[in-house]
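When the letters of the sequence shown are read in order and numbered with UniProt numbering, they come out as residues 1 to 465.
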Amino acid sequence: MPPPAAGGALRGRLSGPEVSKYFETFAETFLKDKIHFGKEVRRIRRHPSGEGWQFDVHDSGSGRVVTRDVPKVPEILGPEAALAAHFTGPVMHTADFAAKVDELLSSVPAAQPDPSLDEPSVVVVGGGKSAQDVCAFLANEGRKVTLICHNLDAILAYPVPLPAALRNSRFLAVISPYIHLRTKLERFLHTTWLGKHITRFIWYALFQSAYLAERVPAGSPLRNSVSPFWHVRINDEGVPRENSFYGLAVAGKIEVITPAHVSGFGADGKTVVLEDGRTLRASAVVLGTGYKSSWESLFDEETIEELGLSPQLADPNASKTYHWDYATLSGPPPTHPDTQRWSSAIYRGLVPVKNITRRDIAVNGTCVRLTSSPPRSPARSELSLTSQLSANNGYTSEIAAHWISSYFLGDEMRLPGSTQEALAASEREAAWLKQRYPQVPTALNPSYAGFLTFLTYVSTIPTSD
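Quick look at the structure:
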């Protein structure tokens, strides 16, 4: 992929068509005949012999890509609730937005130029990236849009493109504590009183400068975001643009109501009701409410239990056995109740602990899909389930893919010698996640691997022609 042009509207950032062309070229060059489109894996189970796997595959015949993402739709805002309330507008999840965007645009008239008119708006529920992208798209299409959420993602933004020396450095990795502090600088920043205050000031300045770059005024609901230090919901907005979510919201083309929660549809069939009793006229509702595990639809209960893919009850003594006395982790926010209760038993976010010695299933990637890996013998098959969180998805997934390949091929590797050793290592990693991100219940959704490499990567990736 050639580097993006320094000038232009994107100011050195890759465009969607550029990324799409790269993926198409990569797939044509390296993955031809290895990807089967229009296929949906509906059930996976062990072969009766105990070796390898059996698949139930549905051929859609459409040639379209079928993913295993399962939208999380609150019952109070789902299609059945909309039908019961006689809601007159379309209701959809962001996962279906691309397929139904023409239907939505045709049913929702363009916004009137007079802002004083009380016309209905497209209500988008959720504060994450997909919800923001939908808002920006609709606003750019001239529709009135209102975003309702508990809080927004934190952001990075800069008035000018950052120099390569900074973008390709370990700056964010160094100021973010990790399970291992390998350098004197990291130990100083995260284990000393002075280092703690320096680190926290850097984080504060970094994100306050982002709001200044986006021209978000003090007291604006756009500043109601998650804590950038204690959370993984951080978006890199780059150089501000007028047609971006923040540019449009600051210009008044997107209304943001936060903190707020939608309690359901109004009885008149034309409104949504907030928990505080307010009503909002709605021409359509788009749900950016995340995803739930898809593994329950892929595996039966027996297989899920055998592999240890379901959330595990957390060891109540783990926080005492494993604890990191980092100064920067003092005074954390309240722990999410699901974070306290549940834990994940997937070694390094790659292999289910219960299955680690069999070398026939692994986890990789950023969304829930399933691919079949080349077997070590004709009678044996391996599975690679994709599901991982990272701030550098491409880099993390590539490294994990190489690791998984060696794992499936039976190469010599530094692996735990037993299931018990793997479980102990996973418990340590889970304890770290609970202390580092106390408000992120990663283990509750078993489709997430439960091991975050967030902000711990080196941005410069050596390449060759």
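Quick reminder that beta carbons are idealized off the backbone N, C-alpha and C, glycines included.
Going straight from the alpha carbon of residue i to that of residue j, what length do you get?
i, j, result
"ALA136", "TYR22", "25 Å"
"ALA164", "ARG170", "12 Å"
"ARG414", "ARG428", "17 Å"
"PRO257", "SER344", "The sequence shown places Ile at residue 257, not Pro. Looking at the two C-alpha atoms, the distance is approximately 34 Å."
"THR303", "LYS292", "19 Å"
"residue 478", "ASN355", "No information on residue 478 is available, as it lies outside the stretch 1 to 465 that the chain covers here."
"ILE404", "ALA95", "29 Å"
"PHE201", "GLY127", "26 Å"
"LYS34", "ILE234", "34 Å"
"GLU24", "GLU103", "28 Å"
"ASN224", "ILE44", "43 Å"
"LEU14", "GLY238", "11 Å"
"GLN132", "PHE245", "6 Å"
"VAL124", "GLN112", "19 Å"
"SER49", "ARG358", "14 Å"
"GLU119", "LEU152", "25 Å"
"LEU206", "VAL216", "14 Å"
"TYR178", "ARG348", "14 Å"
"ASP315", "LEU309", "17 Å"
"SER406", "THR396", "16 Å"
"SER377", "GLY410", "Residue placement at SER377 is flagged as unreliable, the pLDDT there being 41, under the threshold of 50; the coordinate-derived value follows with that caveat. Rounded to the nearest angstrom, the two C-alpha atoms are 11 Å apart."
"LEU181", "ASP325", "12 Å"
"THR321", "SER220", "43 Å"
"ILE346", "GLN208", "37 Å"
"ALA27", "SER20", "11 Å"
"LEU280", "GLU296", "36 Å"
For the alpha helix (DSSP H) containing residue i, name the first residue and the last one.
i, result
"THR339", "337-341"
"ASN140", "129-140"
"SER20", "16-30"
"LYS434", "419-436"
"LYS39", "Run containing LYS39: none in the alpha helix (DSSP H); it sits in the beta strand (DSSP E), 39-46."
"ALA362", "First-last for ALA362: 361-363, but that is the beta strand (DSSP E), not the alpha helix (DSSP H)."
"ALA318", "318-321"
Within its chain, find whatever has a CB closer than 6 Å to the CB of residue i; leave out the 5 residues flanking it on each side and keep chain order.
i, result
"LEU156", "ALA210, ASP236"
"LEU189", "GLY195, THR199"
"GLY290", "LYS72"
"LEU423", "VAL353"
"HIS336", "GLN439, PRO441"
Measure the CB-CB distance between residue i and residue j and report whether it falls below 8 Å.
i, j, result
"PRO333", "SER227", "yes"
"SER121", "THR88", "no"
"ILE254", "ALA139", "yes"
"ALA81", "GLU75", "yes"
"GLY266", "ALA84", "no"
"VAL286", "VAL134", "yes"
"ALA282", "ILE148", "no"
"ALA213", "PRO240", "yes"
"SER418", "VAL353", "no"
"SER319", "ALA431", "yes"
"GLU141", "LEU105", "yes"
"PRO90", "ALA401", "no"
"ALA327", "TRP193", "yes"
For residue i, which residues in the same chain have their Cβ closer than 7 Å to its Cβ, ignoring the five residues on either side in sequence?
i, result
"VAL65", "The predicted model places VAL65 with a pLDDT of 48, which falls under 50 and marks its position as unreliable, so this point remains unresolved."
"GLY16", "none"
"ARG187", "LEU181"
"ARG143", "VAL108, ALA110, ALA111, VAL122"
I'd like the list of long-range same chain contacts for residue i, defined as Cβ closer than 8 Å, with 5 residues on each side in sequence excluded.
i, result
"ARG46", "GLY52, TRP53, GLN54, THR303, GLU306"
"LEU313", "ARG341, TRP342, SER343"
"HIS150", "GLY127, THR258, PRO259, ALA260, HIS261"
"SER107", "GLY89, PRO90, SER283, ALA284"
"PHE299", "ARG43, ILE44, ARG45, LEU307, LEU309"
"ASN243", "ALA136, ASN140"
"LEU248", "CYS135, ALA136, ALA139, ASN140, GLU242, ILE254"
Just curious, the beta strand (DSSP E) that residue i is in, first and last residue?
i, result
"SER121", "121-125"
For chain C, check one thing: does any of its Cβ atoms lie closer than 8 Å to the Cβ of residue i?
i, result
"ASP411", "Here there is only one protein chain, and chain C is not present."
For the ligand ZN, any of its heavy atoms closer than 7 Å to the Cβ of residue i?
i, result
"TYR322", "No copy of the ligand ZN appears in this structure; indeed no ligand is present at all."
Minimum length 4: unbroken alpha helix (DSSP H) runs contained in the region 241-305: 245-250, 295-298
Contained alpha helix (DSSP H) runs [length at least 4] in the region 144-200, N- to C-terminal order: 164-167, 171-175, 184-191
Minimum length 4: unbroken alpha helix (DSSP H) runs contained in the region 57-110: 79-84, 97-107
Contiguous beta strand (DSSP E) assignments of at least 3 residues, all confined to the region 216-241: 234-238
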